[in-house]
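In UniProt numbering, the protein residues as written are 1 to 175.
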Amino acid sequence: MKSILIAIIGLFFIVGCGKDKKGTSDQKKEIKTVQKVVTSSAEESASMAADGVVHIEIRSDDSMKFDVKKIVVKAGQKVKLTLTHSGRLDKRIMGHNVVILKKGTRLSSFASKAAASRDNDFIPAGTTEVIAHTKMIGGGETTTVEFTAPEAGIYDYICSFPAHYALMKGKFVVE
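See below:
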């Protein structure tokens, strides 16, 4: 009787493990599909207005992420970038901004200087490493910055709130 019970439990264990492996594979496929959708929508975040200004919308929330990972514009193009923070937390706790950095700027080095710049919305005073930046906002707020896209190249953009740059970053591609 004991051996039959052990055999049945063993059979459930083997069958259960097989389903987990298949489930894990299915989960990986779903994750890849979701990543493709995010990448696709991320590249479609820009829209051109009749006046030739490209409008870019980026959303953030209380989970420290941007919904856009890649922005593509033309060199010399007028850009209007709007950041919306859909979370609930105040900017002193979970503030976000978008900072587009010049080529060659080390993210960790800039982030260290930014973390020490609380009184200036985490933008180091007198910095020459920033192309453009929005103001720091909290949950339920929106901010916009307008600028001219620099020369062709690939630039990093981050949130400069302390420690956010590790997760909140993307590429600003100028063609």
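Note that beta-carbon positions come from the ideal geometry of N, C-alpha and C, so glycine has one too.
Please read all numbers here as calculations on a predicted model, not as lab measurements.
Look at the beta carbons and you see the stretch 107 to 126 not touching the stretch 141 to 154: under three pairs across the two are nearer than 8 Å. The three-state reading of DSSP puts A149 in coil, since its state is none of H, G, I, E or B. Bounds of any alpha helix (DSSP H) do not take in K69, whose DSSP letter is neither H nor E. Cβ neighbours of K74 within its own chain (closer than 6 Å, five residues either side excluded): E175. Residue V99 holds the alpha-carbon nearest to the alpha-carbon of F122 among T128, V99, I131 and T142. In this structure, K102 sits near E129, with a CB-CB distance shorter than 7 Å. Within its own chain, the residues whose Cβ lies closer than 7 Å to the Cβ of P124, once the five positions on either side in sequence are excluded, are K113, A114 and S117, listed in chain order. A straight-line Cα-Cα distance of about 17 Å links T134 and I93. Contact check for M168 and S60: beta-carbon distance about 7 Å, within the 8 Å limit, so the pair qualifies.
Secondary structure of I58 (DSSP, three-state): strand.
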